[in-house]
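Heads up: the sequence shown begins at 185 in full-length UniProt numbering, then just goes up one per residue.
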Amino acid sequence: PLKIQQNGPLAGKHVVITAGPTHEPIDPVRYIANRSSGKQGYALAKEAVKAGAKVTLVSGPVTLNAPSGVERISVETAQEMHEAVANVLPADIAIMAAAVADWKVANQGTEKIKKQADGSLPSLEFSENPDIARFVGHHESQRPKLVIGFAAETTNVEEHAKAKLTKKNTDWIIANDVSPETGIMGGDRNQIKIITRDGIEAWDDMPKGDVARKVIEKIAKTLSK
Ligand code: CTP
Ligand code: CA
Numbered sequence: 185p186l187k188i189q190q191n192g193p194l195a196g197k198h199v200v201i202t203a204g205p206t207h208e209p210i211d212p213v214r215y216i217a218n219r220s221s222g223k224q225g226y227a228l229a230k231e232a233v234k235a236g237a238k239v240t241l242v243s244g245p246v247t248l249n250a251p252s253g254v255e256r257i258s259v260e261t262a263q264e265m266h267e268a269v270a271n272v273l274p275a276d277i278a279i280m281a282a283a284v285a286d287w288k289v290a291n292q293g294t295e296k297i298k299k300q301a302d303g304s305l306p307s308l309e310f311s312e313n314p315d316i317a318r319f320v321g322h323h324e325s326q327r328p329k330l331v332i333g334f335a336a337e338t339t340n341v342e343e344h345a346k347a348k349l350t351k352k353n354t355d356w357i358i359a360n361d362v363s364p365e366t367g368i369m370g371g372d373r374n375q376i377k378i379i380t381r382d383g384i385e386a387w388d389d390m391p392k393g394d395v396a397r398k399v400i401e402k403i404a405k406t407l408s409k
């Protein structure tokens, strides 16, 4: 049974969490996706509830059940995720764990794309999706006190993560190396580095549930300062 601490360290706080992939339609029957499972975001939502927070989980398509006590808003595209996040502000804490598609298909078909008799191939055109973390980090009137972004990288993890902290104006970036050989993307364990304005903490490899519990503890500690 879930132990909600009524007077827990995040009691009275509203936490918005994005999680999972987004799906970007190509035509009515096809889409572009990514390998995010949503596990880390969902684990964070569960731990935030346990710490007494009101949690809104804005989730892309995943196979996970919503942790009990969480209000889940299910979305499909990055644009829908952006609108859902904008609608649920204000929040005290925003954790942007979703693997948001960077691009959507600009020349989406309204009908299923059919094979051509002459063998000619379809071509996709893209346009950029809204950057939700950047939107939240730079929000003029409703910026949460603590905005936390993730950085999924396959090279130069720290360098890219620092650049994202600045560009998106987040307080922290939780960075991880998602190269296929790490097994982090879709797996049950995670090894993170937390980049803040004060420096970098490198954490040991551990189950995603433990990462979530420790991140929520660190959030509570930071807010109590
Ligand atoms: N993010 C977001 N909206 C987007 C893209 C990213 O909210 N359209 C968030 C992610 O949830 C994550 C952070 O921004 O918290 C970094 O995402 P990432 O994909 O690593 O960075 P990008 O800025 O998209 O840069 P790139 O993919 O080119 O590395
Ligand atoms: Ca990206």
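Heads up, the beta-carbon is just placed ideally off N, CA and C, and yes, glycines get one too.
For this session: Please list, following the chain, all residues that have a C-beta closer than 7 Å to any non-hydrogen atom of ligand 2.
Result: Here the list is VAL284, ASP286.
Exercise. Taking 8 Å as the line, does the beta carbon of MET369 fall inside it for any heavy atom of ligand 1?
Worked result: Within the sequence shown, the letter at position 185 stands for residue 369. Taking the Cβ of MET369 as the reference point, every heavy atom of ligand 1 lies at 8 Å or farther away.
Exercise. Do GLY192 and ALA227 have their CB atoms nearer than 9 Å?
Worked result: Residue mapping note: residue 192 aligns to position 8 of the sequence shown, counting from 1. Residue mapping note: residue 227 aligns to position 43 of the sequence shown, counting from 1. Not a contact, by the Cβ cut-off of 9 Å.
Exercise. Whose CA, out of ASP372, ALA282, PRO251, LYS223, lies closest to the CA of VAL259?
Worked result: Looking up residue 259 in the sequence shown gives position 75. When each option's Cα is compared against that of VAL259, the closest is ALA282.
Problem set entry | Cα-Cα separation, PRO314 to ALA237 | As a first step, residue 314 must be located in the sequence shown, where it is residue number 130. As a first step, residue 237 must be located in the sequence shown, where it is residue number 53. Straight-line measurement puts the Cα of ALA237 at about 27 Å from the Cα of PRO314.
Exercise. Leaving out five residues before and five after ILE403 in sequence, what residues of the same chain have Cβ atoms less than 7 Å from its Cβ?
Worked result: As a position in the sequence shown, residue 403 is number 219, starting the count at 1. Result list for ILE403: ILE277, LEU330, in chain order.
Exercise. Is DSSP giving VAL213 helix, strand or coil here?
Worked result: Locating residue 213 in the sequence shown gives position 29, counting from the first residue. Of the three classes helix, strand and coil, the one that applies to VAL213 here is coil, per DSSP.
Exercise. Taking the alpha helix (DSSP H) that ARG397 falls in, what are its first and last residues?
Worked result: Mapped onto the sequence shown, residue 397 falls at position 213. Counted as a single uninterrupted DSSP element, the alpha helix (DSSP H) harbouring ARG397 occupies residues 392-407.
For this session: Please list the segments of the alpha helix (DSSP H) lying wholly inside the region 297-338, counting only runs of 4 or more residues, in order along the chain.
Result: If we require 4 residues or more, the alpha helix (DSSP H) runs fully inside the region 297-338 come out as 316-321.
Problem set entry | Opposing strand residues paired with SER258 [DSSP bridges] | Taking the first residue of the sequence shown as position 1, residue 258 is located at position 74. Under the DSSP definition of a beta bridge, SER258 partners with SER243.
Problem set entry | Buried/exposed call for GLN189, threshold 16 Cβ in 10 Å | Reading the sequence shown from its first residue, position 5 is the one you call residue 189. Flag for GLN189 reads exposed.
Problem set entry | Through-space distance from SER325 to PHE310, alpha-carbon basis | Start at 1 with the first residue of the sequence shown, and residue 310 comes out as number 126. Start at 1 with the first residue of the sequence shown, and residue 325 comes out as number 141. For the pair PHE310 and SER325, the Cα-to-Cα distance works out to about 31 Å.
For this session: Using 10 angstroms around the beta-carbon of TYR231, count the other beta-carbons present and answer buried if the total reaches 16, otherwise exposed.
Result: Along the sequence shown, read from residue 1 onward, the residue named residue 231 stands at position 47. In the sequence under discussion, the amino acid at residue 231 is Glu, which differs from the Tyr named in the question. Flag for GLU231 reads buried.
Exercise. Applying the criterion that 16 or more other CB atoms from any shown protein chain within 10 Å of the CB defines a buried residue, is ASN340 buried or exposed?
Worked result: Here residue 340 refers to the residue found at position 156 of the sequence shown. Under this definition ASN340 is an exposed residue.
Exercise. Are there 16 or more other CB atoms within 10 angstroms of the CB of GLY333, so buried, or fewer, so exposed?
Worked result: Locating residue 333 in the sequence shown gives position 149, counting from the first residue. Counting Cβ neighbours within 10 Å, GLY333 comes out buried, since at least 16 surround it.
Problem set entry | First through last residue of the alpha helix (DSSP H) which encompasses GLU385 | As a working note, residue 385 is residue 201 in the sequence shown. Here GLU385 belongs to no alpha helix (DSSP H); instead the beta strand (DSSP E) covers 383-386.
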